[in-house]
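With the sequence shown counted from 1, adding 499 to any position gets you our numbering. Backbone N, C-alpha and C fix where the C-beta goes; we use that ideal spot for every residue, glycine too. Since we're looking at a predicted model, the values are computed, not measured. Notes to accompany the following structure.
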Amino acid sequence: FFDAAASELARPNRVRSLAPRNFQNVFLAYGWSRHFDEKMYLSLMQGMARNLDGHRPVGPKCARDHLFSYTCKDGFEVLADSFRISSLEVILRALHRMNLIGDDFEDLVTSMADYVKRSLAESPKMMR
Numbered sequence: 500f501f502d503a504a505a506s507e508l509a510r511p512n513r514v515r516s517l518a519p520r521n522f523q524n525v526f527l528a529y530g531w532s533r534h535f536d537e538k539m540y541l542s543l544m545q546g547m548a549r550n551l552d553g554h555r556p557v558g559p560k561c562a563r564d565h566l567f568s569y570t571c572k573d574g575f576e577v578l579a580d581s582f583r584i585s586s587l588e589v590i591l592r593a594l595h596r597m598n599l600i601g602d603d604f605e606d607l608v609t610s611m612a613d614y615v616k617r618s619l620a621e622s623p624k625m626m627r
């Protein structure tokens with residue numbers, strides 16, 4: 500199951516459609532199971548860094564032009580939630596558990612640190 504899901508999660512179109520909570524859930528699930536798929540991890544780390552770097556200004560929801568919104572059964576549109584500092588900590592711990600190294604990991608950590616700095620300066624307290 501994890502192999503098939505990893506193949507799907509590595510696809511560029513899939514990565515672009517993931518909301519912040521999806522990144523967190525995937526990294527947690529694969530970290531807990533100690534299931535490593537290099538292509539998936541590289542795709543997700545690159546996609547998450549792109550998501551973090553492009554989210555300006557930092558606020559509780561992602562802009563519609565930055566990340567796909569969700570449509571409820573009743574047709575109501577819901578913007579995707581933004582990353583929270585606490586969720587970035589959870590993600591970083593999950594990635595650390597997998598002993599990741601390399602440029603893509605370093606780029607993601609740099610993007611996370613920049614996002615945290617911007618969030619502390621610009622976002623409401625509920626995002627911290």
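| query | result |
| --- | --- |
| From H554 to D536, what does the alpha carbon distance come to, in whole angstroms? | 27 Å |
| Give me the Cβ distance between L551 and M611, rounded to the nearest whole Å; I'm assuming they're in contact under 8 Å. | 6 Å |
| May I ask you to report which of helix, strand or coil DSSP gives K572? | coil |
| Could you name the residues of the same chain whose beta carbon sits closer than 7 Å to that of Q545, not counting the 5 residues immediately before and after it, in chain order? | D603 |
| So, with DSSP's three-state summary, where would you put V577? | strand |
| Name the one or two DSSP bridge partners that K560 has. | D580 |
| Please state whether DSSP places H534 in a helix, a strand or coil. | coil |
| Within a Cβ cutoff of 7 Å, which residues of the same chain sit near T570, ignoring the five residues on either side of it in sequence? | E576 |
| Could you give the distance in angstroms between the alpha-carbon of Q523 and the alpha-carbon of S585? | 11 Å |
| Does the Cβ-Cβ distance between A562 and L541 come in under 9 Å? | no |
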